[in-house]
Structure formats: structure tokens, C-alpha cells
């Protein structure tokens, strides 16, 4: 009928205008990742070397981005902070993705009680925001990076497993799966060799978006002083430390980590959403 | 009749989830190394009175499940035990600090609903460069954690320009509004972006549907088409984000209250976590989870009013 | 002098962005006052776009040239305010799928009255009274006014849509495959309701369908459309008894029927031309058994049959078909 004419004006617009933004974001994400990897070799100063005489100094040849309120080099802390700030979310995403896929796949394939336990616990985790769960665990276990990473991974797991479950259910209904079954392939074999590669792009795109959220949550915890240990350079922690600098009227050492957090989260969000958009369109 | 059954089922589900949530909150302290008593004392001197008070609250001599249910019974009567740090009843602490938090959240919620819906609607209806501009703006809004927004707003409007106070919650209505403006904006920013995007895509989807073309073909003016058929039809989707919005507000208020030194329950949670004041942490966690679930329940009960298909569907399933 | 036709389309050409040829190419079509006309064609032939142009409902980015006169007024050039009045009154359309055409979140009563009241052509009270009257005319009672679309069946809802189309007392009623989305029993009901109402209210009816038998049963005249052009037009009996265009003949041969010789159904070989390819000659040439060189060179113009000026066909070889029967 009029199938030729049905158009999605909204989507085409995103495609048209999103593309330069997407490239910039891709480059930005790559840049931040490279900086995090190379940080120990390129930092100009010891991030914890204190020079109180130069506290809150502005940019200079020696310290291109100035000093913070404790007299530490901002550039070095930013670069090394990228490590902690990215490593935490990476742990969250890797753990929640691997475990989420396993749980979601098992629930979709087996069904029955496993499936209903999964959907119940999803409900529960929706009520427990990741940050709250992290705070609860930290209040028991004490500060540190490991406890919040595990807590957030647990909180993100149901989102991944729910997505995986619906994808696997759709995949399982396709004829090739029963064809393999008839040929005597085991369920595990079919899952790992055929279903997993087919659903992986969608799940990984979602995980890319989750990376941005995890970064926000972990930076928030560091800001509260509940994440990384006090001396470890970390962007969230730097924002907290920078508050005194702001009160004193020298905002640079607080604004810079803010900018880095926002740009990194935006970059990962845009790249992930674009990827998700593309794979979902390909599936249609 | 139909609606009553629907509501009863939702209430029962909520109660069950809440029960499990309380179990998680209670059970968390058994993850701590060492005995519950020493954990609850958090390294403070174990005077006989302190031990006795903890025993009275947590019934540490009873078996685990009995302990849990006795604790739960107390909680249901509003008794959250005594704060170890503040040496007062947790419920007193909460009663002092909850109002300012709720006020802050209400302000932020108002900003989220008004600005978010408006931006989403403008983006969907206008299209073109307006849409692109809003899309880019909201992309940055959803990438800005509330504590970053709080620190930046504080630096610019409180410290640099001096238009607003940089800390505290204020006393009296006018003063509170003045003190909480920046925190409310910081709290709302992320959600404004999210709601604008949800509204935009829901409206675009509605804009695509055949009945919109039909309404236009019948001479309905474009403004009315947008209001009656596009915006109206996107409301169901928008409403379902209500639970998420409120839970995000509740969590982010921890960060924003800390950044602005506002004496609400968010800041209290941060303080009691650092000081290992576990009864207070438990109480606030439970309140946050319960508030979220209540809002979700309200959303679920409102949904049939916004979208008659919700209960129609369950009727057809019942017949 | 003849009365003003309900719909008079002259040389309508609609182009869409990203296509190599116009979706509608020089369409001429007339629906007289009170006349029933069928517009027949397969999916993608442009019949829906042609009928929607009478309401100036063009696909996104579409550009229309030519004239589309409704009761004498050209809808393509009128201003927005006048267009709203025409849409609320003069022309109305019954759409294919009633479940998609009615907003599921608003009550049926609201759907019936919104066009005329919001365009300002009728007061709410008068609209409400007329809604009840028209519901009676389509065999429903006023109780459906308070119901939501999801609470009534598809057949009932299509009758609501028909009642809604008649709210503004239109000169021209269009029905775009109004029965395709319904089950068989509702289909017959809806057709009966449409035919009765057309007679009772004296509106012109343009019936868009791919169903030849239905077209033959309901209409006075028939237009057959192929790839955005009118292939053949004429009185219903003449056109079905003695088709003058090979496409019409092929369509008739591919339609299963109860009476008449039992034979193999002749499917039409090939595909309709792609919108992305430009067309030089006759659109049907590639699938036509009669095609010669001239068909690829020049697009045929509609020409009347000898002695029957109202039966035209756009075919270089229509004389070869003259006298041939359905089973040719």
C-alpha cells in the first residue's frame, strides 16, 4: 500500500545531524582511554607531591593546568585520575555484562523457576538504585574501590540479563536453532556458538551506555569520599577536593575534572546509543 | 471491579518486594567481618549500656529469622533504633531532616516536569535545527552527574556572582526557596534531559500514527492535533518514567545535599556511612526504597486513567 | 449545464524526493455529484495517494501539480483556514484500518465530533445531536459514545468511522480499502452501510480498492490505475465485459470467480515498475503480451473507444483487445 512512503522523520534527523557529533565522541572516548593507559609514563609530576607554597597557582610552564588547593599538579592528577575513573566503570561493565548474559541466557533457555526468580529480582533491583546498594555495602565493608564496583555490577546485572533474556527468547524462536537441535547439538553449544554472536552487538551497545552511567555513579561515590582511598587521584575525588578551591575563587582545579567527567560520559553515551540504534535498525 | 483487582494485585506485589528489600537492608550487616555487636559498635567502647541497647534493638541473642522479624516489627511501628553517632532515636533524626529533603525533591521535580515536557514537546513539534539544538543540550544534560552540576552552579552563581547562598537549607518558605534554587537545578538537570528525550521520542512515535493523519484530514487544527492526539498519547510513556525519576531524585539528593551542605536525609546518609552509624543507614535506605515503590505504585494506578487500554487488556485476559 | 462534480482531478502529478519518476503522473479523474466511482489498482499503484490528494494529504516531502477540485474549489491552492473547513465539511474519508484510524485513548463520542467542532463549522451541541443521528443511520446506538475504541469490534468501529465521515455532510466521501482490515461478515455489513448512506445523503463516493468484484458490484464507473497513471476508465459493466487495456484484462483473468469457465488463473508475470527507475514508454510494457516497440518509446495517451466516448484506455494496442472476453 503506502509502505514506500512510511518514513520516520525523527530518526532520519538523528542520523543526519548525529554523525559529526558521533565521530567527535568516538575520538574523545579513544583519547581518554589512551590517556588512561599511558598516564604513568607521560605525567609530568608526582600526583601526590605537595607544594603548599604554590597552592592554587594558575597555569604556568611548569604546571600547565595549575595546582590544586593542596599544591598538587592538576594535569598529573587528571591523567592518572583517568585510570581509576575508567577502571572502576570497566570492572562494573565487564562483570555485569558477563554475568548478565549468563543469567539472562539461562533464564530464557530454561524458563521455569529460574526465569521467575530473575524477573522478581529485577523488580527488587529497580527499587534499589545502584548508588544506594553501593552505599549500603560500603557502610558495612568500609571505603575502597572494590565494594562499590561489586555493588554497582550487581545493580546493573538485571538490566543486562533482562535484555539478554528477551533477545535470546526471540533468537530461540528462529528456525535455525531447532535445526541445530535436531542435528543433535547441545543447548550450550548452540548458545555459545550461534546465539551469543547474534545477540552480542545489542548487549555490548547497551553495556557501552552502562559504562557512562557507572562512571557517573562511581565518580559520585568518590565525591562523597566513599569510593577510592583519599590519596588516589580520581576525577570524582578531585571535584570534592576542588570545592575548597572554588570557595577560594580559583575554580580551575575543580572545573577541569568536571569537564572531563561530562565529556567522557557524553562520549560513551553517544557512541553507545548510536551503536544500539544501528544494530536495532539492522535487526529490523 | 476490574480496576480494584488490578490495584489489589499491584499493592500485594509491592508489599512482597518491600519485604524482600527490608530483608536485604537488615541482612547487609551480617556481611561485615566480626560479630554483629562489634560491627554495630563500630569500634566504639563497648560499655555495658551500649551493648544492652544494641541487644535490645537487634535482639542479638535470638536466632537470625526471629531477630529479623522483631526488627521489622519495630520498624513498622516507626522505631528505627538509636543512632550510635548522634545518641538519639533515628526516627527523631529523620523527622528533623526529612522535610528539607522532600522540599528540595519537590522543587526539582517541578523543574523536571515543566522543563522536561516543554523541551521534549518543542523538539518533537518544531523539528529541524531547534530539535538538533535540544538534542545536543539534552545529551550533555544526561551526561552531567548531579554533583558536577552542583559544584559548577555553586562556583558560578554562589561564589563568583553571589546571587544565591552556597550552602545550607534556609528557614521559612522564602528563605528555603532561595537556598534550594541552585540545589534543585543541579538535582533536576540530568532528569530534565532524560524526560525531554523520552517525551520527544514518545511524541514522534505518536506523530507517526495513522490517527494523527486522520485527525488532520478531518480539519482539526494542527495545535489541537498536537495537544489531543500527539501529546496526549505520549503521556502514558512519560508517566511510566515517574518511578525512575523519583528514585533518581532520592539518590542524587545524597550528592547534592552533601555538595551544598544541606541538612537533609541525603547528607545524613553520607555522614552516617562515613561514621558507620548502621541503624541510620538502614533507616534511610529503607525510606528511599519505600518512597520509590510508593511512587511506582501510584504511577501504576494512574496509568489506567491515562491509557484505558491498560485495564482493558487485563479485562480481556480475565474473560 | 451539468452540475459541478463532487471531485474533478485534472493532470495531477505528485513527485516525491528520492524517486526517479512521479508517483502520480497526469491523473485525470471525476466523481460526479451523487455518483459512485471505483478506483482500482494494486499496491503501490498510487491509488491511495490519488484519493488522499482530494484532502491535500500528501506524503512527506511530496509536491503536487495540477488541479484537484472539490465541489468546484481547487484544494491544492486554497489557504489553510479554508482547507480546514473543506476537510471538516466538503470531503471526508473512511480509512482502511479503523483500529489505527481512531485514537485509542479518546472516547468514540469525542472522535465523532472533534472534526466539525474544532474546525468551527458546528456547535458542540449540534455536533452531539448529529453524532447520535448518524450512529443510528449506521446501525449503532448512542451508548457507544462513552466507550473507548478498544471496547467495540472492528466492524462496529468502521461503522463509527463512516458515521464520523458523514458528520460534516460531505459532498464527496472517499473510502480507502474500507474493508481490507475487517473479517468477512463485517466486510459485507460495511459495504451495505456505505451504499445505503451514499444513496440517503446523496454524496459522491470514491471507492478505492484492489478488489475487482467489489468495484464492479458497487460502482457506476471504474478507473484502473497502474504505476501512477490511469490505465483505463469507463462504465463498470463495459469495462469488465470488454476491457480495452491489457492490464485490466490481465487483472480480470487473474481474479478467481465462482461462475464462468473454470480454468487456470493467469498470474501477471513480472513486477510493477520500480519508483527508483525512470519510465519512458508505457508503464505496463514490460509485462504486456501485446507490447511492441512503440510501447517502449512513447507513453500512450488515454483515447476513447470508437463510439463510446466515456470508455477510455491508455494503450497503443487497445484495438487488438476489442471484443475479446474475460477469458482471452
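Protein chains in written order, with full-length UniProt numbering: chain A, 1 to 284; chain B, 1 to 319; chain C, 1 to 328.
Note that beta-carbon positions come from the ideal geometry of N, C-alpha and C, so glycine has one too.
Residue i: contacting residues in chain A (beta-carbon distance under 9 Å)
{"i": "residue 295 of chain B", "result": "Chain A residues near residue 295 of chain B: none, gap ~10 Å exceeds 9 Å."}
{"i": "residue 299 of chain B", "result": "Going along chain A, no residue has its Cβ under 9 Å from residue 299 of chain B, so there is no contact; the nearest lies around 12 Å."}
Residue i: contacting residues in chain B (beta-carbon distance under 9 Å)
{"i": "residue 131 of chain A", "result": "251, 252, 254, 255"}
Nearest-angstrom beta carbon gap, residue j and residue i [assumed within contact, 8 Å]
{"i": "residue 115 of chain C", "j": "residue 219 of chain B", "result": "5 Å"}
{"i": "residue 146 of chain B", "j": "residue 189 of chain B", "result": "7 Å"}
{"i": "residue 159 of chain C", "j": "residue 193 of chain C", "result": "6 Å"}
{"i": "residue 245 of chain C", "j": "residue 291 of chain C", "result": "Incorrect: roughly 12 Å between the Cβ atoms, too far for contact."}
{"i": "residue 25 of chain B", "j": "residue 136 of chain A", "result": "7 Å"}
{"i": "residue 161 of chain C", "j": "residue 102 of chain C", "result": "7 Å"}
{"i": "residue 85 of chain A", "j": "residue 230 of chain A", "result": "Actually they are not in contact, since the Cβ atoms of residue 85 of chain A and residue 230 of chain A sit about 15 Å apart, beyond 8 Å."}
{"i": "residue 227 of chain A", "j": "residue 234 of chain A", "result": "7 Å"}
{"i": "residue 140 of chain C", "j": "residue 149 of chain C", "result": "Not quite, the Cβ-Cβ distance comes to about 13 Å (not below 8 Å), so this is no contact."}
C-beta contact flag for residue i and residue j at 8 Å
{"i": "residue 168 of chain A", "j": "residue 199 of chain A", "result": "yes"}
{"i": "residue 92 of chain C", "j": "residue 29 of chain C", "result": "no"}
{"i": "residue 266 of chain B", "j": "residue 191 of chain B", "result": "no"}
{"i": "residue 138 of chain B", "j": "residue 92 of chain B", "result": "no"}
{"i": "residue 170 of chain C", "j": "residue 89 of chain C", "result": "yes"}
{"i": "residue 125 of chain A", "j": "residue 211 of chain A", "result": "no"}
{"i": "residue 195 of chain B", "j": "residue 120 of chain B", "result": "yes"}
{"i": "residue 40 of chain C", "j": "residue 215 of chain C", "result": "yes"}
{"i": "residue 79 of chain A", "j": "residue 256 of chain A", "result": "no"}
{"i": "residue 321 of chain B", "j": "residue 243 of chain B", "result": "With chain B covering only 1 through 319, there is no way to say anything about residue 321 of chain B."}
{"i": "residue 8 of chain C", "j": "residue 52 of chain C", "result": "no"}
{"i": "residue 44 of chain A", "j": "residue 76 of chain A", "result": "yes"}
{"i": "residue 116 of chain A", "j": "residue 158 of chain A", "result": "no"}
{"i": "residue 214 of chain A", "j": "residue 109 of chain A", "result": "no"}
{"i": "residue 283 of chain C", "j": "residue 226 of chain C", "result": "yes"}
{"i": "residue 40 of chain B", "j": "residue 58 of chain B", "result": "yes"}
Listed by chain order, chain B residues near residue i by CB distance under 7 Å
{"i": "residue 105 of chain C", "result": "232, 233, 307, 308"}
{"i": "residue 225 of chain A", "result": "274"}
{"i": "residue 84 of chain C", "result": "219, 221"}
{"i": "residue 127 of chain A", "result": "17, 21, 289, 292, 293"}
{"i": "residue 123 of chain A", "result": "17"}
{"i": "residue 243 of chain A", "result": "151"}
Contacts of residue i in chain A (Cβ-Cβ under 7 Å)
{"i": "residue 145 of chain B", "result": "216, 219, 220, 261"}
{"i": "residue 288 of chain B", "result": "132"}
Three-way DSSP call (helix, strand, coil) for residue i in this model
{"i": "residue 207 of chain C", "result": "strand"}
{"i": "residue 60 of chain C", "result": "coil"}
{"i": "residue 175 of chain C", "result": "strand"}
{"i": "residue 312 of chain C", "result": "strand"}
{"i": "residue 26 of chain C", "result": "strand"}
{"i": "residue 29 of chain B", "result": "helix"}
{"i": "residue 192 of chain C", "result": "helix"}
{"i": "residue 345 of chain B", "result": "For chain B, the structure presents residues 1 to 319; residue 345 of chain B sits outside this window and is missing."}
{"i": "residue 182 of chain C", "result": "coil"}
{"i": "residue 152 of chain C", "result": "coil"}
{"i": "residue 125 of chain C", "result": "helix"}
{"i": "residue 163 of chain A", "result": "helix"}
{"i": "residue 112 of chain A", "result": "helix"}
{"i": "residue 10 of chain C", "result": "strand"}
{"i": "residue 253 of chain A", "result": "helix"}
Chain C residues whose Cβ lies nearer than 8 Å to that of residue i
{"i": "residue 210 of chain B", "result": "95, 97, 100, 101"}
{"i": "residue 215 of chain B", "result": "103, 114, 115"}
Distance cut-off 7 Å: residue i Cβ against heavy atoms of the ligand ZN
{"i": "residue 164 of chain B", "result": "As for the ligand ZN, it is missing from this structure, which has no ligand bound."}
Partners in chain C for residue i, counting only beta-carbon separations shorter than 7 Å
{"i": "residue 224 of chain B", "result": "118"}
Contacts of residue i in chain A (Cβ-Cβ under 8 Å)
{"i": "residue 155 of chain B", "result": "246, 251, 254, 255"}
{"i": "residue 278 of chain B", "result": "139, 140"}
{"i": "residue 32 of chain B", "result": "140, 141"}
{"i": "residue 29 of chain B", "result": "140"}
Proximal chain B residues relative to residue i, where beta-carbon distance stays under 8 Å
{"i": "residue 269 of chain A", "result": "139, 142, 143"}
Entirely within the region 274–308 of chain C and at least 3 residues each: give me those beta strand (DSSP E) ranges in chain order.
-> 303–305
Within the region 199–272 of chain B, ranges of the alpha helix (DSSP H) (whole runs, at least 4 residues) | 210–217, 222–225, 232–240, 242–260
What are the start and end residues of each continuous alpha helix (DSSP H) run of 4 or more residues lying completely inside the region 169–200 of chain A, in chain order?
-> 175–182, 187–190
Hey, which unbroken runs of the beta strand (DSSP E) at 3 residues or more fall wholly within the region 208–233 of chain C?
-> 221–226
Please list the segments of the beta strand (DSSP E) lying wholly inside the region 212–237 of chain A, counting only runs of 3 or more residues, in order along the chain.
-> none
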